[in-house]
Amino acid sequence: MCYLGTKRFEGLGMAGKRRLLEVMAEAGVIWLQITGGEPLIDPAFPEAYRYAHELGMQLELLSNGSRLHKASVLDLLVELPPSKISLSVYGATAATYDTVTRNRGAFDRFAEGLDRAVRAALNIDLSLIITRQNAHEADAMRAWAKRLRLPFREYANMSPTIHGTAEPLPSQSPEHLTHRAPFTGCPAGVTFFHADPFGRASICKVGREPNVDLITEGVEGLARLGGIAADLMLRTGGCTGCQLSGTCRVCRPMAKVFQEAKAPLSHYCQHGMQEVAR
Ligand code: SF4
Ligand code: SF4
Numbered sequence: 004m005c006y007l008g009t010k011r012f013e014g015l016g017m018a019g020k021r022r023l024l025e026v027m028a029e030a031g032v033i034w035l036q037i038t039g040g041e042p043l044i045d046p047a048f049p050e051a052y053r054y055a056h057e058l059g060m061q062l063e064l065l066s067n068g069s070r071l072h073k074a075s076v077l078d079l080l081v082e083l084p085p086s087k088i089s090l091s092v093y094g095a096t097a098a099t100y101d102t103v104t105r106n107r108g109a110f111d112r113f114a115e116g117l118d119r120a121v122r123a124a125l126n127i128d129l130s131l132i133i134t135r136q137n138a139h140e141a142d143a144m145r146a147w148a149k150r151l152r153l154p155f156r157e158y159a160n161m162s163p164t165i166h167g168t169a170e171p172l173p174s175q176s177p178e179h180l181t182h183r184a185p186f187t188g189c190p191a192g193v194t195f196f197h198a199d200p201f202g203r204a205s206i207c208k209v210g211r212e213p214n215v216d217l218i219t220e221g222v223e224g225l226a227r228l229g230g231i232a233a234d235l236m237l238r239t240g241g242c243t244g245c246q247l248s249g250t251c252r253v254c255r256p257m258a259k260v261f262q263e264a265k266a267p268l269s270h271y272c273q274h275g276m277q278e279v280a281r
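FYI, this note's numbering numbers position 234 of the sequence shown as 237, with every residue one higher than the one before it.
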């Protein structure tokens, strides 16, 4: 159900990672959210994480928690605590969790790592991922989070992949889908940006084209992102001339991937939502 689609382990080596972090520091980045794929499986993660910390960045991690049970990982996070670590939860029992993640033993490893991280007093919040396969355990997942006294959010609405393909959508649990709030603007590319594993900066995780190669262009290239953001937010392509854009619930980059994936309009577009409401 991942918005990245099929992933390959690829990207910058350690020298490139250091260069990317230095460009970010030069740009004045003070908050860095490290995500993936799964960031904790990268053998270079400890060195890169330490370096980002040395550069004075406030670090936040998005992780599936599959490696938290390892002492080497937990020790690093206890020594240099992230400001927050957000952990995805895919079920409340081994049978369901392992089915959703297609990984035997994944639940036991996750539960052990979560337990250790809680006892280490890391600042954790949980992202409960509600899908067709685990929806029957939604209450049990909420109860688990409450038992641990951890804040949690629920995610049931899946996006198409950033490549504009629809494979995450069938995993949604129809009865758990929620209405997105109306889109009122987003400072992507202005107050924050995204960098992919090759150091290409884009306005956000979804609107990845055009982008700026921070490794070759350095911090000066970032000045172009504001203009790129302004262009990407225009209601062009399949949204051209839309009379309902004032009440639209998705930004243009998100609408574009839904349109490319040929997702049902009722999932994202006011035209489809109005049809359903009639
Ligand atoms: S997907 Fe849209 S709302 Fe989300 S960060 Fe990008 S531009 Fe902003
Ligand atoms: S309502 Fe639909 S067509 Fe109109 S701007 Fe939003 S996504 Fe595009």
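Where is the CB? At the ideal position from N, CA and C, for every residue including glycine.
Classify residue i as helix, strand or coil using the three-state DSSP reduction.
| i | result |
| --- | --- |
| Ala51 | helix |
| Tyr158 | strand |
| Lys87 | strand |
| Ala18 | helix |
| His166 | coil |
| Ser75 | helix |
| Ser66 | strand |
| Gln262 | helix |
| Gln273 | helix |
| Leu35 | strand |
Nearest to residue i by CA position, among the options, is which residue?
| i | options | result |
| --- | --- | --- |
| Ser91 | Phe48, Glu25, Ala47, Thr38 | Thr38 |
| Glu263 | Gly167, Arg252, Asp78 | Gly167 |
| Ala18 | Arg252, Ile218, Phe110, Thr243 | Ile218 |
| Met246 | Leu65, Gly210, Cys272 | For the sequence presented, residue 246 should be read as Gln rather than Met. Of Leu65, Gly210, Cys272, the residue nearest in Cα terms is Cys272. |
| Met276 | Val260, Ser248, Lys259 | Ser248 |
| Arg99 | Arg238, Phe155, Arg119, Ala138 | Correcting the residue type first, residue 99 is Thr in the shown sequence and not Arg. Per the Cα distances, Ala138. |
| Ala169 | Asp199, Gly240, Ile132, Lys259 | Lys259 |
| Gly229 | Pro190, Met257, Pro200, Leu23 | Pro190 |
| Glu220 | Thr9, Pro173, Glu25, Gly16 | Glu25 |
| Ile165 | Ile231, Ser174, Arg152, Asp199 | Asp199 |
| Asp45 | Leu235, Ser66, Ala148 | Ser66 |
| Gln175 | Gly188, Asn160, Arg21 | Asn160 |
| Lys149 | Leu225, Ser130, His274, Gly8 | Ser130 |
| Leu151 | Glu115, Met257, Asp234 | Glu115 |
Is residue i near ligand 4, judged by its Cβ being under 7 Å from some heavy atom?
| i | result |
| --- | --- |
| Cys5 | For the structure depicted, ligand 4 is absent and the ligand set comprises only ligand 1 and ligand 2. |
With 8 Å as the threshold, decide whether the Cβ of residue i is near any Cβ in chain B.
| i | result |
| --- | --- |
| His139 | Among the protein chains of the structure shown there is no chain B, as only one such chain exists. |
Practice task
Decide if the segment 172 to 186 is in contact with the segment 199 to 216; the criterion is three or more beta carbon pairs, one per stretch, under 8 Å apart.
Solution key: no
Handout entry: Stretch pair the segment 108 to 127 + the segment 76 to 91: three plus CB contacts closer than 8 Å
Key = yes
Problem - Every unbroken alpha helix (DSSP H) inside the segment 171 to 240 [4 residues or more] - result: 217 to 220, 228 to 235
Exercise for the section: Check whether the segment 70 to 81 touches the segment 132 to 144, taking contact to mean three or more Cβ pairs, one atom from each stretch, closer than 8 Å. Expected result: no
Handout entry: Segments of 3+ residues assigned as beta strand (DSSP E) that fall wholly inside the segment 86 to 138
Key = 87 to 92, 127 to 132
Exercise for the section: Could you say if the segment 94 to 109 and the segment 48 to 57 meet the contact criterion of at least three C-beta pairs nearer than 8 Å? Expected result: no
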